[in-house]
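This report refers to the structure that appears directly beneath it.
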Amino acid sequence: MPEVTSSAKVRPLDELDIAGIVRIDERITGSYKPDLWEQRVMYYLRRDPLASQVAEVDGKVVGFMLADVRAGEFGLEEPGGWLERFGIDPDFRGRDLGRALFDAITAHFRSRGVTSISTLVDQNDKSLTGFLGSIGFRPSALQALEIPL
Amino acid sequence: MKVETIELPKKYHGAVEHWRRHNFKDYELLMDDWEKYFPTDEKFCLCAKMEVGTPDVIQIGEQKGEKKRIKPDELTENQAMHLLAIIKAQASTEFGSIQQHSGTLDRAMDDQDRAWVMRVMAEELRHGYQMLHLLLSEDWSHVSGGITGEQMVEEILSMTTGSHVLDSFNLDYDSFVDNVTFAAIIDRVGKYQLTMQKVCAYKPMADSMPPMLREEAFHLAAGVIPMRRWAQKAAQGDPLISMHMMQDSLNKWVPRGLEMFGDECGGHTNLKYGFKDLSNRAAVEQYYVAITKMTRDIYARFLRARFPDYSPEKIETTLRELESTRGTHHGVAFADLLRVPDKRFFRRKGEHAFLMVGIDGETFEDAEQYLHYLAKHLNDGYIASRDMRNYADCLRKVAAGEMTRDQAVKAMPKLKRVGGSCPCSRSVRWVMEEANGEQQTVAVRNH
Ligand SMILES: CC(C)(COP(=O)(O)OP(=O)(O)OC[C@H]1O[C@@H](n2cnc3c(N)ncnc32)[C@H](O)[C@@H]1OP(=O)(O)O)[C@@H](O)C(=O)NCCC(=O)NCCS
Ligand SMILES: [Fe+2]
Ligand SMILES: [Fe+2]
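Chains as they are written, first to last, in my numbering: chain A, 1 to 149; chain B, 150 to 596.
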């Protein structure tokens, strides 16, 4: 297993990480979306600022993972952890940073008494399903359905 | 992460509610609209919150390794006196900021920005409430000079803009730009203070910090995100917001923010007593790095909106080029760059007090010339304020050799509101406290 880069640090998300996240997302998707990330970061910071995490290497944000605890949605009564978006700068992949972010989120969820974590993934995206499978996600009975309109 | 919530005894809870009705008139509106702006977020609770499961052992200072203190009389008398002053000052800032925010809240251009500031205000009310809980839940009479908890609460709730303990909370806002800049700059000082106090040797204080800090994360975002959006609007030519307006507001608040850390050479008592884990200088350095990153990011947002075809790398190069050449780039000038003023700019406390230094570190010899410079780099409303006049008077005396810088630091007169524990009382007298402690009435207002 590759070592986490010695100078890598995982810490909770804060509002000064917006620029870094916008940059990583632009590297991954090719599009610049500051409004979207301002809105998402605000959402996570106001709900549970210690849940979402970023990874820093030499003081620069190179990865992020956004998460929170939700209850009462989709008829799920029990509070459950949700993993929403995440991304690692392509130059920093394969160094276990994705896993390190997820471990920090898991530790926080445990301290809040959460007993399961859910996420939604596009089955056709082999990279994402591969990563999620490696860190322990398994298919759930809960299934995403849709109707095109 | 577990939190215990506590409500103050009825009488005091009622006093805070009463204060809130006078000073935070939109509170009910916020509660009514909560679901609209903060859907599925936890409802607001006016209560003290204590984190459960924090360390039991003192982490720093002379008593490191001993059990944390849970009652004021387990602290030494000096420690207790020192901590009491910190708690009272903290309480004063929390209530003070609500009064400042309410002055210009209605001038928000955007409903969401306004709702965010209202939530900040509600949470500041809770922070003030938290500090009152620390004052009232234990007996501090042996170090309060005979002042009872009830009197301390009355004193704190009777303060208005002008009479607070720290300067930042004595300045009126001049526009909604100040509401937002204050959250980004001054609440950030709060974040540093609360973070340092997480180690506090007095356990109830330490336990108060984590819930407050979680709320503070939102306050900083409520400052930084509107500034980022304004930068984009300014770049797109919106006539109602400009980088200049934001810069003037930074110039007003950054010097006061730096001073809130206390004298750069101090802070060692807090370390020795185990109340904080950083000296003033160490904390202020970290803070300065953070606000520099913040302004640079905002400026990069501006540049990207001006030059949408540039890559992130090209934006970074352009920014560096502007910073080093101080020239212009396709119509964007260095002078228009949003930037953190030099640490010595417009200071009135600490090691740089009353030096005449500009935003970019340029120095001035002549007081009049410097005041003209300040007038160009601060907004008009603020220039015409009593605060500026007091500063100008002291600066002129320092420059003329009639006063030392040290004397000037102590001589900045403080406005104090006396009489009337609540705005319901009929008349209010404003006094100026002179350096020798004497008071001089400067205004009387009858309601
Ligand atoms: C998926 C992603 C987060 C992985 O980050 P990373 O830091 O490289 O992953 P790690 O090094 O921590 O790897 C952890 C585990 O996942 C596995 N993994 C990582 N990427 C994988 C891939 N593309 N395919 C299969 N498995 C993968 C690793 O092999 C490792 O497993 P192991 O420990 O059993 O060997 C990163 O590639 C990424 O950001 N992808 C794009 C995400 C995206 O599209 N975001 C936008 C939508 S939200
Ligand atoms: Fe606060
Ligand atoms: Fe705050």
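Ideal Cβ positions, reconstructed from N, Cα and C, are used throughout, including at glycine.
| Check | Outcome |
| --- | --- |
| In this structure, what does DSSP give as the bridge partners for K216(B)? | V206(B) |
| Using a Cβ-Cβ distance under 8 angstroms, would L111(A) count as near chain B? | The sequence given here has Ser at residue 111(A), not Leu. It does: the Cβ of S111(A) has a partner Cβ on chain B nearer than 8 angstroms. |
| Tell me, please, whether the stretch 328 to 337 of chain B touches the stretch 396 to 403 of chain B by the rule of three or more beta-carbon pairs shorter than 8 angstroms. | yes |
| Between V558(B) and A502(B), is the Cβ-Cβ spacing less than 8 angstroms? | yes |
| Could you tell me whether any non-hydrogen atom of ligand 1 is closer than 7 angstroms to the CB of I88(A)? | yes |
| So with CB distances below 7 angstroms, who are the chain A contacts of K442(B)? | L16 |
| Got a sec? Which residues, its chain only, sit under 8 angstroms from S7(A) by beta carbon, not counting five neighbours each side? | V57 and D58 |
| Are the Cβ atoms of I21(A) and D89(A) separated by less than 8 angstroms? | no |
| Can you list, in chain order, the residues of its chain whose CB lies under 6 angstroms from that of M267(B), leaving out five sequence neighbours each side? | D175 and L179 |
| V61(A) to Y341(B), Cα distance in whole Å? | 21 angstroms |
| Give the DSSP bridge partners of F86(A), in chain order. | M65(A) |
| State yes or no: is the C-beta of I135(A) nearer than 7 angstroms to some heavy atom of ligand 1? | yes |
| Relative to the C-alpha of C196(B), which candidate in Y422(B), T203(B) and V165(B) has its C-alpha closest? | V165(B) |
| What residues match up with M351(B) in a beta bridge as DSSP calls it? | Correcting the residue identity first, residue 351(B) is Tyr in this sequence and not Met. Per DSSP, R218(B). |
| Report buried or exposed for L142(A), applying the criterion of at least 16 other Cβ atoms within 10 angstroms of its Cβ. | exposed |
| Taking 7 angstroms as the line, does the beta carbon of H250(B) fall inside it for any heavy atom of ligand 3? | no |
| What is the C-beta distance between E638(B) and M280(B), in whole angstroms, given that I count them as a contact (C-beta under 8 angstroms)? | Nothing in the structure corresponds to residue 638(B), since chain B is present only between 150 and 596. |
| If we ignore side chains and look at the alpha-carbon of each, how far apart do L285(B) and P353(B) end up? | 12 angstroms |
| Report yes or no: is there a C-beta of chain A within less than 8 angstroms of the C-beta of L224(B)? | no |
| Using the rule of at least 16 other Cβ atoms within 10 Å of the residue's Cβ for burial, across every protein chain shown, is K237(B) buried or exposed? | buried |
| Could you tell me if D288(B) is buried or exposed, where buried requires 16 or more neighbouring beta carbons within 10 angstroms of its beta carbon? | exposed |
| For R27(A), I'd like the list of residues in its chain whose CB is within less than 7 angstroms of its CB, leaving aside the five on either flank, ordered along the chain. | D89 and P90 |
| One question on the structure: do D222(B) and H291(B) come within less than 8 angstroms of each other, judged by their Cβ atoms? | yes |
| Under the three-state reduction of DSSP, which class applies to Q143(A): helix, strand or coil? | coil |
| Thinking C-beta only, is Q385(B) closer than 8 angstroms to M321(B)? | For the sequence presented, residue 321(B) should be read as Asp rather than Met. No, they are not a contact pair. |
| Indicate whether the contact test is met: 3 or more Cβ pairs, each with one atom in the stretch 40 to 51 of chain A and one in the stretch 65 to 84 of chain A, closer than 8 angstroms. | yes |
| Where do the N-terminal and C-terminal ends of the alpha helix (DSSP H) with A238(B) fall, by residue? | E226 to T253 |
| Nearer than 7 angstroms: is that true of the beta carbon of M358(B) relative to any heavy atom of ligand 2? | no |
| Does ligand 3 have a heavy atom nearer than 7 angstroms to the CB of V269(B)? | yes |
| By the criterion of Cβ-Cβ separation under 9 angstroms, what are the contact partners of V41(A) in chain B? | A370 and I374 |
| Would you say R535(B) faces chain A, with C-beta separation under 8 angstroms as the test? | no |
| How should V438(B) be labelled, buried or exposed, when 16 other C-beta atoms within 10 angstroms of its C-beta is the threshold for buried? | exposed |
| Please decide whether P34(A) counts as near chain B, where near means a Cβ-Cβ distance under 8 angstroms. | yes |
| Comparing the C-beta of M150(B) with each C-beta of chain A, is any distance below 8 angstroms? | yes |
| Within this structure, are the beta carbons of K151(B) and V201(B) separated by less than 8 angstroms? | yes |
| Am I right that V489(B) and V403(B) are in contact with their C-beta atoms under 8 angstroms? What's the rounded C-beta distance? | 6 angstroms |
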